[in-house]
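Written out below as structure tokens is the structure these notes cover.
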Amino acid sequence: MIASNEAPGWVVYVVDDDPAVCSSLKFALEIDGFSVCTYARSEDVLAADLSCGGCMIVDYNLPGLNGLDLLRELDRRDVHLPAFLITSNPAQHVRRRASAQGVSIIEKPLLGNQLSEAVRESFTRSHLC
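In structure tokens form, the structure reads like this:
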């Protein structure tokens, strides 16, 4: 069954080292019509083809590079995608750094359609819809 609010061509890249989180986010976003690619490690994202464009949902606490370091490295490589940092109770320095990088923070636990609405809004602002 195709969701009535299907978003063809929109790719959401989810990066989280917890397989249960990746699976649940993938499920929820696909129900809302998004195509989703999941990654467990920053290194996997850096090796991936992100040329489809889209949006990043990145956990802060990743093995290797943390989420903000990953996004900074992607930016350095001229990969510019709207991004959301998901984390629980972020420290003030994480909030400041995310703000400086133009990254919105969505705190865990993720409630209702909060994430899908944020993703859809980012695509709208980026004129990807």
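Note that full-length UniProt numbering has the sequence shown beginning at 1, numbered continuously upward. Cβ atoms here follow ideal geometry from the backbone N, Cα and C, with glycine treated the same way.
Asked, Found
"Which residue's Cα is closest to the Cα of P109: V36, L25, C52?", "L25"
"What does E107 pair with, by DSSP beta-bridge criteria?", "T87"
"Measuring only the C-alpha atoms, how far is Q101 from A40?", "22 angstroms"
"Contact between the region 46-58 and the region 17-24: three or more CB pairs below 8 angstroms?", "no"
"Which residue or residues does DSSP assign as beta-bridge partners of D59?", "I86"
"Going by other Cβ atoms of all chains shown within 10 Å of its Cβ, with 16 needed for buried, is T87 buried or exposed?", "buried"
"Who are the near neighbours of S104 in its chain, counting only those whose CB is closer than 6 angstroms to its CB and skipping five residues on each side?", "F84"
"My assumption, with CB atoms under 8 angstroms, is that L62 sits in contact with L70. Please give the rounded CB distance.", "7 angstroms"
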